[in-house]
Every structure is written in structure tokens, then in C-alpha cells.
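To start, the structure under review is shown below, and the notes come after it.
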Amino acid sequence: MKNELLNRMNRYRRGYIKIRITGSNAERFLNLCQHQELRMDRICREGCNYTAVMPADDYFRLRPVIRKTGIRPEISEKRGLPFLLRKNRKRKVLLLCAVLFAGLLYYLSGFLWRIEYEGCYYHTKEQLQSFLEECGIYEGVRKREASCPEIEEKIRSRFTDIGWVSAEISGTVMKIRIKETKMPKLNADKAADGFGEIWQEETGHIVAASDGIVMEISVASGSAQVRAGDVVRRGQILISGVLDVFGDNETLVERRPVLAQGSVVLKTTENYDDRFPLDYEKRVYSGRKKTGLRLELAGIKIFSYSPSNSYPECDIISEMEQYCIGDSFFLPFKAWKTTVREYYMEPAVYSEEEARIAANERLIRYLTERKEGGATLLSSEVSTELEKNACHTSGLLIFQESAWKYRTVNPDEWRLEEGNEHYTEGN
1242 MKNELLNRMN
1252 RYRRGYIKIR
1262 ITGSNAERFL
1272 NLCQHQELRM
1282 DRICREGCNY
1292 TAVMPADDYF
1302 RLRPVIRKTG
1312 IRPEISEKRG
1322 LPFLLRKNRK
1332 RKVLLLCAVL
1342 FAGLLYYLSG
1352 FLWRIEYEGC
1362 YYHTKEQLQS
1372 FLEECGIYEG
1382 VRKREASCPE
1392 IEEKIRSRFT
1402 DIGWVSAEIS
1412 GTVMKIRIKE
1422 TKMPKLNADK
1432 AADGFGEIWQ
1442 EETGHIVAAS
1452 DGIVMEISVA
1462 SGSAQVRAGD
1472 VVRRGQILIS
1482 GVLDVFGDNE
1492 TLVERRPVLA
1502 QGSVVLKTTE
1512 NYDDRFPLDY
1522 EKRVYSGRKK
1532 TGLRLELAGI
1542 KIFSYSPSNS
1552 YPECDIISEM
1562 EQYCIGDSFF
1572 LPFKAWKTTV
1582 REYYMEPAVY
1592 SEEEARIAAN
1602 ERLIRYLTER
1612 KEGGATLLSS
1622 EVSTELEKNA
1632 CHTSGLLIFQ
1642 ESAWKYRTVN
1652 PDEWRLEEGN
1662 EHYTEGN
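Per the numbering used here, the very first residue in the sequence shown carries number 1242; after that it's consecutive.
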């Protein structure tokens, strides 16, 4: 479809003609044109005659074929930009408008009229859009003021859980692609646990957030208390925030509190239990609706119509269309269509099949939330049963996740007793 459109545009730009070929050597004429690589389209036979469409500038290349066959084709139609300009060459106002329109398109091509985002899950598009506006990047800014490397660096600095970001300008569109990660990152003097929560204190233990089996452990600061394969309980210290300092003869001389840093991956088991009633209220649409329209030019409202007297209960659906030339040349003209659909609620009861489908959708929604939180599903053993007035789904879910958090280091965990012969006033 795209190639066909480009061919039509190119043919219109060059101009094309429709010719009529008559005579006993008409077929020989067409064969010689093919041999001379003279392109002809839409060849149709009309009795003993033929009609065809060919580029206008190829018409003069027919002279050798005309001399050999004695057939001079007749031009029945002339189409395309060259003939249009020749026909309207005396209409100076039309020519001036065409020049002004071309100049306007050239001027508008120097701005960004659309910003697209890909890979947004934890961070919303609105959040990134608000941050870019603070940095001076918005729809309508000049392209020379939008430096892609600077935008990438600012996003990485502001959102520490975005591991990869790419900004690219194509036409009048800026495409921003990101990949989020829940790996803990340090931000100045602050650290984040396995769930991305900021830890404000200068010292702390890394402890298990749930029961599980240690699959991976790496230590950057502190001392590991477990190894891969160990079974751990919730609250158990995985990486201690207390360092033991030994002197000669393996004698403990000091305990020093630090901020434990590292990464721990646990294999956790979760009992999934979800129940919902079979009786519910179903939304039924009455068929009545109203439509509104809003037109914007470069962010300025030029026309607006909003339906009045909205229904007591209704859905409001807004759709936006932005005029575009080609694939990436968006213009600052937007049309917003708002549809208001009336509905009412009526009592209903899930059938067995509908209840199982609803239970599966609830499970998928829950697993999606866990995945966005950084958990990977390893296996699931879940079953759904219909009870008297409810649908009950239960079973085991096994995840792989960074299920650890920080815990405060208590003074009695690192201070040595006064009776210790190596105790000093600074301990």
C-alpha cells in the first residue's frame, strides 16, 4: 500500500499521459516499447486498438518506435503537476498560495509537534511529559533546541530506575523509548531496597522480606550471612550491616556499623487466594449518545462544541486525531472527538464459564502487577471452584524476585561490652 502510494505521487509529480494506439502494427508497437524499456501501464484493448498510460517525458522517446511501425499514438488525456502548472500559469494568486503553502510546511518542519513514549509501565507517560516540560521540551519547541543526548542524560539522572533510554527525532516527531528496571540504585547518599523504596539511614542490614530460598547473592558492602541454596525466613539477616574488625591472633577489636549493599534474589512461594461473588451489577447501554468536537491549532483552541445535559450515568470517551503528511511529518492541527454514551446498571449473575473467565482475568491482572514490581513467575498451581454464591480461586505461585529490604542496625549489635578487654571509649 505504501509503495503504491509513493508510485502514484511520483507519477503525478512527473506528469503522465493517456495514449490511443491504432493500426495493424499496434501489437508490434507495444512489443518494441517494452524492448526499449518504455514503461506503459493500464494497457487496455478496445477492438483492434489499444489504450495505455505512460510518463509524459517518455513520449518523445517513442520516435524510433514510430519510425519502425508507422504508428503515431494519439494523446487523449494529460494529467499531473507539470500540466497543472502550465494550465494555471496565468493565475498568479493560485501560484502565490502554492508557494506560501510550501513555505509554511517548510517552516513547520523545524518544530516538534508530537512526542511519543514507549516502554512506560511503572512511570506513566504523563510523568515523563511533565518532566520534559520542566526541561523545556514540549510540543511546539524548535528541533534545534531539543538535543537528544541531553534529554537521555536528564531522564537517566532524574529516574534512577530507568536502565536504558533512547531519544530520536524523525520528521516532526520525537520518539522516546525507555526500559525500566527495579534493580536497587544509589542516589547520592540514598539507597533503595529490592522493591525500589528509598532507605534514609546511613547504616542498615539487608533482610528477607518473605520466606524463600536464596538463588543469587552478591555483596558490595557488609558481610553475607547466607549462601545460594539456603532457606531463609522473613526478617532474617541476609547481608549484615555490621563489620567485625580483627586484630592480631584473630582477636575481635571492633565492630563497625555500615550500610549493607548488594543484591539478593529469592525463590518465594505465595498462597494465592481470591474470591468474588457471583451476583454483580452489569452495565447496559441504552443506545443514547452525544458527540462533541474540539479543534486546536498549535495548542490554541479554534473551535469547541461540548454536549450539554449529560446523562446521570455515562461513559465519556475522547479520541484525538493529529493531521500527518506521510509517516512522521505531523502538523500542529488536532481534532478531539468526545462521545458520551448513556448506560444503566441492572442485576446479573455470572454463569460458570463467565465466572471462570473473570477469575482468570483477575489472576492475570495480579500477575501483571507482580511482574511490574520485578517478580518473575516460575510456576503456578491454581484452581477455580464455584461455590454457592461465590467463585473461589486458590493455589500456589512460585516467584523469583528481589524480596529484600533494609532494617535498622541497633547499637547493641555493634557496640562491645565495657567488660571486654579490647573495649575503648570510641566503641
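Even for Gly, the Cβ is constructed at its ideal location relative to N, Cα and C.
Reduced DSSP category for His1239 - H, G, I as helix; E, B as strand; rest coil: Because the chain in this structure spans residues 1242 to 1668, residue 1239 falls outside the shown range and cannot be described.
Whole runs of the beta strand (DSSP E) within the region 1490-1562, excluding any shorter than 3 residues: 1493-1498, 1502-1518, 1520-1538, 1541-1546
Continuous beta strand (DSSP E) stretch holding Tyr1379: start and end: Here residue 1379 corresponds to residue number 138 of the sequence shown, with the count starting at 1. Note, Tyr1379: premise wrong, no beta strand (DSSP E); not H, not E.
Among Glu1374, Ser1464, Ile1478, nearest to Ser1451 - alpha-carbon criterion: Residue mapping note: residue 1451 aligns to position 210 of the sequence shown, counting from 1. Measuring from the Cα of Ser1451, the nearest candidate turns out to be Ile1478.
Identified DSSP bridge partners for Tyr1348: Taking the sequence shown and counting its residues from 1, the one referred to as residue 1348 is at position 107. None, per the DSSP bridge assignment.
Alpha-carbon spacing of Phe1301 relative to Glu1278, whole angstroms: By 1-based counting over the sequence shown, the position of residue 1301 is 60. By 1-based counting over the sequence shown, the position of residue 1278 is 37. Going by the C-alpha atoms only, they are around 13 Å apart.
Reduced DSSP category for Tyr1584 - H, G, I as helix; E, B as strand; rest coil: If you number the sequence shown from 1, residue 1584 lands on position 343. Correct three-state label for Tyr1584: strand.
Residue environment, Gly1540, which counts as buried when at least 16 other CB atoms sit within 10 Å: By one-based count along the sequence shown, residue 1540 stands at place 299. It is exposed - the Cβ of Gly1540 has fewer than 16 other Cβ atoms within 10 Å.
DSSP three-state assignment for Ser1371, whether helix, strand or coil: Mapped onto the sequence shown, residue 1371 falls at position 130. Here Ser1371 sits in helix by DSSP.
Check: Glu1583 C-beta below 7 Å from any heavy atom of the ligand COA: Because no ligand of any kind appears in the structure shown, any question about the ligand COA cannot be addressed here.
Where Phe1487 falls, given that 16 or more other Cβ within 10 Å makes a residue buried: Residue mapping note: residue 1487 aligns to position 246 of the sequence shown, counting from 1. Classification of Phe1487: exposed, given that the 10 Å Cβ count is below 16.
Whole-angstrom distance between Lys1331 and Ile1262, CA atom to CA atom: As a working note, residue 1262 is residue 21 in the sequence shown. As a working note, residue 1331 is residue 90 in the sequence shown. So the alpha carbons of these two residues sit roughly 33 Å apart.
Integer Cβ distance of Asp1556 from Tyr1521, believed to fall under 8 Å: Translated into the one-based positions of the sequence shown, residue 1556 becomes position 315. Translated into the one-based positions of the sequence shown, residue 1521 becomes position 280. Actually they do not touch by this definition, with Cβ atoms about 18 Å apart.
For Tyr1526 and Arg1582, the rounded distance between their alpha carbons: Position 341 of the sequence shown, counted from the first residue, corresponds to residue 1582. Position 285 of the sequence shown, counted from the first residue, corresponds to residue 1526. If you take the alpha carbons of Arg1582 and Tyr1526, they lie about 7 Å apart.
CA-to-CA distance, Met1281 to Leu1536, given in whole angstroms: Taking the first residue of the sequence shown as position 1, residue 1536 is located at position 295. Taking the first residue of the sequence shown as position 1, residue 1281 is located at position 40. So the alpha carbons of these two residues sit roughly 44 Å apart.
Under the three-state DSSP convention, the category Tyr1647 falls into: As a first step, residue 1647 is located in the sequence shown; it is residue number 406 there, counting from the start. Strand.
Alpha-carbon spacing of Arg1399 relative to Leu1373, whole angstroms: Counting from 1 along the sequence shown, the entry for residue 1399 is found at position 158. Counting from 1 along the sequence shown, the entry for residue 1373 is found at position 132. Approximately 11 Å, taken between the alpha carbons.
Whether Val1499 touches Trp1645 by CB criterion (8 Å): Taking the sequence shown and counting its residues from 1, the one referred to as residue 1499 is at position 258. Taking the sequence shown and counting its residues from 1, the one referred to as residue 1645 is at position 404. Cβ atoms of Val1499 and Trp1645: not closer than 8 Å.
Beta strand (DSSP E) segment containing Leu1479, residue limits: Along the sequence shown, read from residue 1 onward, the residue named residue 1479 stands at position 238. Looking at the DSSP string, the run of the beta strand (DSSP E) that includes Leu1479 is 1478-1481.
Short Cβ contact (8 Å threshold) for Val1306 with Phe1270: Sequence index remark: in the sequence shown, residue 1306 carries index 65 (1-based). Sequence index remark: in the sequence shown, residue 1270 carries index 29 (1-based). Yes, the Cβ-Cβ distance between Val1306 and Phe1270 is below 8 Å.
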